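Single-structure report; data block below.
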Amino acid sequence: MTLTIALTKGRTETQVLPLLAAAGIHCEAIQAKSRRLIFADDPSFHFILVKAPDVLTYLNHGTVDIGIVGSDILAEQGHRQFDMLDLNTGRCRFILASTADFDPKQTKRKLIATKYPHIAQQYFQKQGEDVEIIKIEGSVELAPLTGMADAIVDITETGTTLRENHLKVFAELASVSTHLVVNRLALKQKRTEIYQLTQSLQKVRPQEASL
Ligand code: PRP
Numbered sequence: 090m091t092l093t094i095a096l097t098k099g100r101t102e103t104q105v106l107p108l109l110a111a112a113g114i115h116c117e118a119i120q121a122k123s124r125r126l127i128f129a130d131d132p133s134f135h136f137i138l139v140k141a142p143d144v145l146t147y148l149n150h151g152t153v154d155i156g157i158v159g160s161d162i163l164a165e166q167g168h169r170q171f172d173m174l175d176l177n178t179g180r181c182r183f184i185l186a187s188t189a190d191f192d193p194k195q196t197k198r199k200l201i202a203t204k205y206p207h208i209a210q211q212y213f214q215k216q217g218e219d220v221e222i223i224k225i226e227g228s229v230e231l232a233p234l235t236g237m238a239d240a241i242v243d244i245t246e247t248g249t250t251l252r253e254n255h256l257k258v259f260a261e262l263a264s265v266s267t268h269l270v271v272n273r274l275a276l277k278q279k280r281t282e283i284y285q286l287t288q289s290l291q292k293v294r295p296q297e298a299s300l
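Residue numbering for the sequence shown follows our numbering, starting at 90 and increasing by one per position.
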C-alpha cells in the first residue's frame, strides 16, 4: 500500500530529506529542487510539499497518511492525530525577544507580535499577565524594531535573525523539533507500512536532538 506524506517545505524539508534517504526512501526528485509539489514516482511513498500550517489540514482531511512538521505547529494548532516520532531534527526554541530597552516588568499592558498567538497567550497567562496579541505572518522581528509591538514570541534556530536585528532574548519558553504525525485512520489501515517507516527512521534519526 502507498503511504502519502505531507512534508513541510523549506528548512524542514532540507533537514528531513537526508533522513528519509538514509531510511531507504527515494527522494532524489524532491532533492532536485524544482517548483514541483507532488512526487508520486515511487509506488511506496507519495509526497506533497506544503507550508507548515497546512500540514495538519491535509492530515485532518485524510488526504495524506503522514505529516512531517515542527512541534511548534503542533503546539500552536493542537490536533487529534497521532504524534508518532520525534525526528530529533529542526531543533529550535520558542523565545520572548525584543530590543535591549524592553522591560519585561513594565506595568503597561504589553503588545506582543507573533506567528503563534496560542503559544504566546498561554505563556503570558501562566505568568498571570494579560497581553494584547498582534498576529504576524512572517519577519516577526520587525514588530519591536518598528515600534508596533513591545516584544515578540517566536522561534529561533541559529539565533542569526535576532543577532542581525539587535534583538535580545528575555525568556525561553519551550524547545521545538520536527515530528512525524500520523492520521489515526491511516494508522489502522496501513499499520505495517507505517511501523516499517517509523522503525527505519528511528534507526537513522540523530540520537539526541542537535542544537
Ligand atoms: C523563522 C523565525 C525567525 C527565524 C529564526 O522564520 O520566525 O524569523 O526563522 O531563525 P534563526 O534563529 O536561524 O535566524 P522563517 O525563516 O521561517 O521565516 P519568516 O520570517 O518568513 O517567518
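Heads up, the beta-carbon is just placed ideally off N, CA and C, and yes, glycines get one too. Keep in mind it's a predicted model, so treat the numbers as computed, not measured.
Take every Cβ of the segment 263 to 280, pair it with every Cβ of the segment 221 to 229, and state whether three or more of those distances are shorter than 8 Å. no
Rounded C-alpha distance that separates serine 299 from phenylalanine 183: Reading the sequence shown from its first residue, position 210 is the one you call residue 299. Reading the sequence shown from its first residue, position 94 is the one you call residue 183. Because serine 299 carries a pLDDT of 49, less than 50, the predicted location of this residue cannot be relied on, and no value is offered for it.
Roughly how far, in whole angstroms, is the beta-carbon of valine 153 from the beta-carbon of alanine 112, given that I think they are within contact range, below 8 Å? Numbered from 1 along the sequence shown, position 64 holds the residue referred to as residue 153. Numbered from 1 along the sequence shown, position 23 holds the residue referred to as residue 112. Actually they are not in contact, since the Cβ atoms of valine 153 and alanine 112 sit about 18 Å apart, beyond 8 Å.
In whole angstroms, what separates the C-alpha of threonine 146 from that of serine 160? Start at 1 with the first residue of the sequence shown, and residue 146 comes out as number 57. Start at 1 with the first residue of the sequence shown, and residue 160 comes out as number 71. Their backbone Cα atoms lie some 15 Å apart in a straight line.
Give me the Cα-Cα distance between leucine 274 and glutamine 104, rounded to the nearest whole angstrom. Within the sequence shown, residue 274 is the residue found at index 185, counting from 1. Within the sequence shown, residue 104 is the residue found at index 15, counting from 1. The straight-line gap from Cα to Cα measures roughly 28 Å.
Residues in the same chain with beta-carbon distance under 6 Å from glycine 156, minus the five sequence neighbours each way, listed in chain order, please. For this step, residue 156 is matched to residue 67 along the sequence shown. The answer, listed in chain order, is Ala95, Val144, Leu148, Val270.
In three-state terms, what does DSSP make of arginine 182? As a first step, residue 182 is located in the sequence shown; it is residue number 93 there, counting from the start. Three-state DSSP puts arginine 182 in a strand.
Quick check: does the Cβ of threonine 146 come within less than 8 Å of any heavy atom belonging to the ligand PRP? One-based indexing of the sequence shown puts residue 146 at position 57. Threonine 146 Cβ: outside cutoff for every heavy atom of the ligand PRP.
How about isoleucine 244: is its Cβ closer than 8 Å to a heavy atom in the ligand PRP? Here residue 244 refers to the residue found at position 155 of the sequence shown. True, at least one ligand heavy atom lies under 8 Å from that Cβ.
Return the residue from the list Gln296, Pro233, Ser266 that minimises the CA-CA distance to leucine 256. In the sequence shown, the residue the question calls residue 256 occupies position 167. It is Pro233.
Buried or exposed for serine 266, please, with buried defined as at least 16 other CB atoms from any protein chain shown within 10 angstroms of its CB. Stepping through the sequence shown from its first residue, residue 266 is reached at position 177. With 16 or more other Cβ atoms within 10 Å, it is buried.
Where do the N-terminal and C-terminal ends of the alpha helix (DSSP H) with lysine 215 fall, by residue? In the sequence shown, counting from the first residue as 1, residue 215 sits at position 126. Start and end: 206 to 215.
Assuming alanine 164 and isoleucine 208 form a contact by the criterion Cβ under 8 Å, report the distance between their Cβ atoms to the nearest whole angstrom. Counting from 1 along the sequence shown, the entry for residue 164 is found at position 75. Counting from 1 along the sequence shown, the entry for residue 208 is found at position 119. So it is a contact: roughly 6 Å between Cβ atoms.
Simplified DSSP state of alanine 260, which is helix, strand or coil: Walking along the sequence shown from the start, residue 260 turns up at place 171. Reduced to three states, the DSSP call for alanine 260 is strand.
Within its chain, find whatever has a CB closer than 6 Å to the CB of aspartate 131; leave out the 5 residues flanking it on each side and keep chain order. The count along the sequence shown starts at 1 and reaches residue 131 at position 42. Counting only Cβ-Cβ distances below 6 Å, and skipping sequence neighbours, we find His115.
Phenylalanine 136 versus glutamine 216: straight-line alpha-carbon distance, rounded: On the sequence shown, residue 136 is found 47 positions in, with the first residue counted as 1. On the sequence shown, residue 216 is found 127 positions in, with the first residue counted as 1. In a straight line, the C-alpha of phenylalanine 136 is about 41 Å away from that of glutamine 216.
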